[in-house]
Amino acid sequence: GAVVSQHPSWVICKSGTSVKIECRSLDFQATTMFWYRQFPKQSLMLMATSNEGSKATYEQGVEKDKFLINHASLTLSTLTVTSAHPEDSSFYICSATPGTGYAGELFFGEGSRLTVL
Amino acid sequence: SQQGEEDPQALSIQEGENATMNCSYKTSINNLQWYRQNSGRGLVHLILIRSNEREKHSGRLRVTLDTSKKSSSLLITASRAADTASYFCAPSTGANSKLTFGKGITLSVRP
Numbered sequence: 047g048a049v050v051s052q053h054p055s056w057v058i059c060k061s062g063t064s065v066k067i068e069c070r071s072l073d074f075q076a077t078t079m080f081w082y083r084q085f086p087k088q089s090l091m092l093m094a095t096s097n098e099g100s101k102a103t104y105e106q107g108v109e110k111d112k113f114l115i116n117h118a119s120l121t122l123s124t125l126t127v128t129s130a131h132p133e134d135s136s137f138y139i140c141s142a143t144p145g146t147g148y149a150g151e152l153f154f155g156e157g158s159r160l161t162v163l
Numbered sequence: 731s732q733q734g735e736e737d738p739q740a741l742s743i744q745e746g747e748n749a750t751m752n753c754s755y756k757t758s759i760n761n762l763q764w765y766r767q768n769s770g771r772g773l774v775h776l777i778l779i780r781s782n783e784r785e786k787h788s789g790r791l792r793v794t795l796d797t798s799k800k801s802s803s804l805l806i807t808a809s810r811a812a813d814t815a816s817y818f819c820a821p822s823t824g825a826n827s828k829l830t831f832g833k834g835i836t837l838s839v840r841p
């Protein structure tokens, strides 16, 4: 159990376009999901906490207008990179926790590699 | 949230040997978790140890926690080439708390 699916696995887009990444909890409901980005050979950087039915909480330094997060249901959160630029190229990873019955373990998607040309 | 500091940054061992990885943190925790990341993939939760536990086992994994020293260790016994990955520790204040990650430990297991 506790499977998180992320889509797409990789995406290439032109500069100035927007890209949407989906994160789904397949076998549990997740009131909270987390979005991270990771640069090559570096650690994960927490971008934001996605809360079902309410606004996301962004970490300091993360542009909320640039990285739009929507958590419209208990099993789906989306991250939209708006007006993408080459510096937005990165590996984006989502995670979720089942909450009830768990002590805070996170279950991660497989990540989405974004390349902006 | 606080991130753990893993040590060493890199570890290279021969298949069959044991791998010991360490983690230190700064403030009180509810539990501490270890994760593995294979290259280009998401993280996989390995094991969680609660603040009132001192040692926990799961298969070839053994994790210890010393809250007085604010440190934890992860031991992988009889390592395999497939254990080659990056390993991260994550101190947690409990359910629904956000986790932040340090630089991790790059483990290479030579066949």
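If you read the protein sequences in the order shown, they are chains E and G.
To convert a position in the first sequence, counted from 1, into our numbering, add 46.
To convert a position in the second sequence, counted from 1, into our numbering, add 730.
Heads up, the beta-carbon is just placed ideally off N, CA and C, and yes, glycines get one too.
Within a Cβ cutoff of 6 Å, which residues of the same chain sit near residue i, ignoring the five residues on either side of it in sequence?
i, result
"Ser731 (chain G)", "Lys828 and Thr830"
"Ile104 (chain E)", "Rather than Ile, the amino acid found at residue 104 (chain E) in this sequence is Tyr. Taken in chain order, the residues that qualify are Ala94 and Lys110."
"Ala102 (chain E)", "Ala94, Ser96 and Ile115"
"Thr124 (chain E)", "Lys66, Glu68 and Asn116"
"Gln84 (chain E)", "Leu90 and Phe137"
"Phe80 (chain E)", "Thr95 and Ser141"
"Asp737 (chain G)", "Asn752"
"Leu804 (chain G)", "Met751, Trp764 and Val793"
"Arg159 (chain E)", "Trp56 and Phe137"
Once you ignore the five residues that flank residue i on each side, which residues in its own chain have a CB closer than 8 Å to its CB?
i, result
"Ser129 (chain E)", "Gly62, Thr63, Ser64 and Lys112"
"Leu72 (chain E)", "Val49, Val50, Ser51 and Thr121"
"Tyr82 (chain E)", "Leu90, Met91, Leu92, Met93, Tyr138, Ile139, Cys140 and Ser141"
Residue j and residue i - do their beta-carbons sit closer together than 9 Å?
i, j, result
"Lys786 (chain G)", "Ser754 (chain G)", "no"
"Cys59 (chain E)", "Cys140 (chain E)", "no"
"Ser809 (chain G)", "Asn752 (chain G)", "no"
"Pro132 (chain E)", "Val108 (chain E)", "no"
"Thr757 (chain G)", "Pro821 (chain G)", "yes"
"Leu762 (chain G)", "Gly734 (chain G)", "yes"
"Ser816 (chain G)", "Ser769 (chain G)", "yes"
Once the 5 residues before and after residue i are set aside, which same chain residues still bring their CB inside 7 Å of it?
i, result
"Thr814 (chain G)", "Leu837, Ser838 and Val839"
"Gly210 (chain E)", "Here chain E covers residues 47 to 163 and nothing more, so residue 210 (chain E) does not appear."
"Ala825 (chain G)", "none"
"Gln744 (chain G)", "Arg840"
"Thr797 (chain G)", "Ser781"
My understanding is that residue i touches residue j, with C-beta atoms under 8 Å, so please give their C-beta distance in whole angstroms.
i, j, result
"Gly145 (chain E)", "Thr77 (chain E)", "6 Å"
"Asn760 (chain G)", "Thr807 (chain G)", "Not a contact, Cβ separation roughly 27 Å."
"Glu783 (chain G)", "Leu791 (chain G)", "Going by Cβ atoms, the distance from Glu783 (chain G) to Leu791 (chain G) rounds to 14 Å, so no, they are not a contact pair."
"Ile835 (chain G)", "Gln767 (chain G)", "About 11 Å separates the two Cβ atoms, so there is no contact after all."
Nearest CA to the CA of residue i: which residue from the options?
i, options, result
"Lys833 (chain G)", "G:Ala812, G:Gln744 and G:Phe818", "G:Phe818"
"Trp764 (chain G)", "G:Ala812, G:Arg780 and G:Glu745", "G:Arg780"
"Ser100 (chain E)", "E:Ser119, E:Trp56 and E:Asp134", "E:Ser119"
"Val774 (chain G)", "E:Ser55, E:Gly155 and E:Arg159", "E:Gly155"
"Tyr148 (chain E)", "G:Ser788, G:Ile835, G:Leu778 and G:Ser816", "G:Leu778"
"Gly746 (chain G)", "G:Ala811, G:Ile835 and G:Ser816", "G:Ala811"
Near-chain E residues of the region 757–784 of chain G - C-beta to any C-beta below 9 Å: Within the region 757–784 of chain G, the qualifying residues are Asn760, Asn761, Gln763, Tyr765, Gln767, Gly770, Arg771, Gly772, Leu773, Val774, His775, Leu778 and Arg780.
Residues, ordered as in the chain, of the region 89–101 of chain E that lie near chain G by beta-carbon distance below 8 Å: Cβ proximity to chain G below 8 Å picks out Ser89, Leu90, Leu92 and Thr95 from the region 89–101 of chain E.
Interface residues of the region 819–837 of chain G facing chain E [CB-CB below 7 Å]: Ser822, Gly824, Ala825, Asn826, Ser827, Lys828, Leu829, Thr830, Phe831, Gly832, Lys833 and Gly834
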